[in-house]
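Have a look at the structure below before the remarks.
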Amino acid sequence: MDRNTEPESAPISTRRRRSIVTMTETQLLSIDLSLMSTEMFPSVAENEKHSPGTTITEKEAGPSTENDQEKGKGPNNDIPVTPIPKYLSGAKLWIVITCVIVVAWLMFLDSSIIVPAIPAITDEFHSLQDIGWYGSAYHVSNAAFQPLTGKIYRYFSSKWSFFVFLVLFEIGSLVCGATPSSLILIMGRVIAGIGSAGMMSGGLTIIAGSVPLEKRPALMGLVIGLANSGSVCGPVLGGVLTDYANWRWTFYINLPIGGVVLLFLAWCEIPDQVPKPSPMAVIAKLHTYLDFTGFSLCAGAAVSFLTALELGGNEYAFNSPTMIGLFCGSAVALVTFLAWNYRKGDDGLIPSSMAGKRPVWSAAATNFTFVGSAMIQIYLLPLYILPGSTRRHAGPERDQRFAKHLVTASFRLRRRRARDGSLWNYSICNLSLANVLVTLQVAVTDRKPD
């Protein structure tokens with residue numbers, strides 16, 4: 001018999017050394033997170049090899065007893081074992097969830113509260129030519145910085161990244177409220193838009209790190225459902241504040257609410273389930289971690305395209321050299337960004353492996369059509385079918401048409417998702433119906449907007 005061949009009568013402990021130890025679902029999740037962090041940050045994993053709470057292999061842990069291996073307690077060859085993820089519970093969890101809901105609600109509120117205040121703003125600054133930029137500046141900066149926020153949350157602490165974005169949003173609101181001119185107001189809207197770019201994505205990232213996987217859908221549905229009420233309350237609060245106080249309070253209202261949230265965020269402990277490098281190590285090579293080249297190309301394409309849509313037909317004809325230059329510049333920047341992002345692979349601004357997945361790009365297309373429909377409701381509907389309304393009445397008259405569906409949709413879809421396992425059929429039907437109804441709402445009247 002070959003001496004290297006293991007006989008059938010070998011001890012059970014010897015044969016079990018080659019078998020994989022049965023693991024629970026929590027241990028497998030820990031292994032997956034450890035492997036992910038090792039692939040993303042190999043140098044960090046190497047530096048933290050001997051730190052408390054890091055990956056331990058069999059060679060580092062030392063030999064285990066035969067009894068431990070027989071019971072499945074000993075370490076397995078080359079299988080990293082990390083501590084069980086620490087999640088939040090009780091009062092700490094609900095404080096964090098409440099902070100995320102309030103911040104998301106403020107973001108949705110700020111996108112619509114300015115609508116009834118625009119006439120008062122243009123009357124004070126005599127800036128009718130800037131009316132389109134009061135809303136567009138916020139959304140353009142939000143869209144331009146949105147891809148970069150994902151990189152920031154990948155390499156920096158979720159808690160403090162979320163904190164900084166909220167501070168930027170508060171600074172933008174302060175600038176808008178204290179503005180002496182229309183130009184400064186637009187600059188404040190840009191700052192607020194940059195801050196809001198990381199507020200919703202950061203809130204969902206915090207939820208994902210605070211609770212186990214099976215609890216995330218319910219809490220995310222709760223956050224999105226309650227946050228959507230902000231866009232419903234925006235015109236109501238904006239009209240009341242403009243009529244009974246001053247239009248500047250449509251921005252000042254964000255300061256006390258956001259300030260309270262900042263105090264709670266500074267006190268709360270928010271875990272990061274994926275290990276991240278030290279902030280100083282990232283800052284030292286910030287240009288490689290955040291891909292500023294890709295961000296510049298992506299932001300340039302978005303800003304050029306949205307600026308062309310804003311100016312076209314109002315200040316410039318669509319066939320004018322300015323419009324042609326903006327559209328061509330946007331197209332060139334977009335093609336260059338796609339080529340650069342493909343070259344960078346998963347280190348690019350938008351990871352190629354993620355962008356190529358059908359659920360990702362189809363969800364992005366769905367959100368594109370949904371937001372377009374929502375903006376028609378928020379900005380244009382009062383001008384067409386609400387003649388003679390005061391600013392404080394325009395919001396409620398508009399809200400009664402779709403507020404109930406907007407707030408409750410997230411909760412209903414969450415229950416259907418748990419029952420049916422898919423949301424695609426509901427998304428297709430609901431969004432198609434919404435676009436048809438918006439078209440009919442404009443077609444039922446021949447009155448032109450004021």
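Numbering (UniProt numbering), first residue to last: 1 to 450.
Idealized CB from N, CA, C, for every residue including glycine.
What are the boundary residues of the alpha helix (DSSP H) that residue i is part of?
i	result
Cys233	Arg216 to Tyr244
Val102	Gly90 to Ser112
Thr149	Ile131 to Tyr155
Thr122	Ile118 to Phe125
Ser278	Taken as a continuous stretch (DSSP letters only), Ser278 belongs to no alpha helix (DSSP H), as it is neither H nor E.
Gly259	Asn254 to Trp267
Tell me the DSSP secondary structure of residue i in three-state form.
i	result
Gly312	strand
Arg248	coil
Leu433	helix
Glu272	Here the sequence assigns Asp to residue 272, which means Glu is not the residue at that position. Asp272 falls in the coil class under three-state DSSP.
Ala317	coil
Ala301	helix
Ser210	helix
Tyr342	helix
Ile171	helix
Asp291	coil
Ser181	coil
residue 455	Outside the modelled stretch of the chain, which goes from 1 to 450, sits residue 455, for which no answer is possible.
Gly356	coil
Lys86	coil
Lys159	helix
Gly198	coil
Does the beta carbon of residue i sit closer than 9 angstroms to a beta carbon anywhere in chain C?
i	result
Asp291	No chain C appears in the structure shown, which is made up of a single protein chain.
Ignore the nearest five residues each way along the sequence and tell me which others in residue i's own chain have a CB closer than 6 angstroms to its CB.
i	result
Phe169	Ala192, Gly195 and Ser196
Ser201	Thr149
Leu433	none
Report, in whole angstroms, the separation of the C-beta atoms of residue i and residue j, which I expect to be a contact under 8 angstroms.
i	j	result
Ser111	Gly234	7 angstroms
Val211	Tyr87	6 angstroms
Ala302	Ala144	5 angstroms
Leu297	Thr336	5 angstroms
Trp105	Ala227	5 angstroms
Ile171	Ser161	Going by Cβ atoms, the distance from Ile171 to Ser161 rounds to 16 angstroms, so no, they are not a contact pair.
Leu213	Leu349	With 8 angstroms as the limit, Leu213 and Leu349 do not qualify as a contact, their Cβ atoms being about 27 angstroms apart.
Tyr155	Lys276	6 angstroms
Lys344	Gly294	7 angstroms
Phe163	Leu265	5 angstroms
Ser158	Thr122	Not a contact, Cβ separation roughly 40 angstroms.
Ser173	Phe125	Going by Cβ atoms, the distance from Ser173 to Phe125 rounds to 18 angstroms, so no, they are not a contact pair.
Glu310	Gly177	The Cβ separation is near 24 angstroms, so there is no contact.
residue 454	Ser320	Since the first and last residues shown for the chain are 1 and 450, residue 454 lies out of range.
Thr242	Pro116	6 angstroms
Near residue i, what residues of its chain come up, given a Cβ to Cβ distance below 8 angstroms and the 5 sequence neighbours on each side ignored?
i	result
Pro271	Pro85, Lys86, Tyr87, Leu88, Gly209 and Ser210
Phe318	Gly312
Leu128	Thr122
Ile283	none
Ile219	Before going further, note that residue 219 is Leu rather than Ile in the sequence given. So the list reads Ile97, Ile207 and Val211, once near-sequence residues are dropped.
Cys99	Val261, Phe264, Leu265 and Cys268
Val436	none
Excluding the 5 residues flanking residue i on each side, which residues of the same chain have their C-beta closer than 7 angstroms to its C-beta?
i	result
Thr179	Leu185 and Gly188
Val103	Leu166, Met199, Gly203 and Val261
Ile114	Tyr134, Gly135, Gly238 and Thr250
Asn341	Gly294, Gly348, Leu349, Ile350 and Ser352
Ile101	Val223, Leu226 and Ala227
Arg248	Gly177
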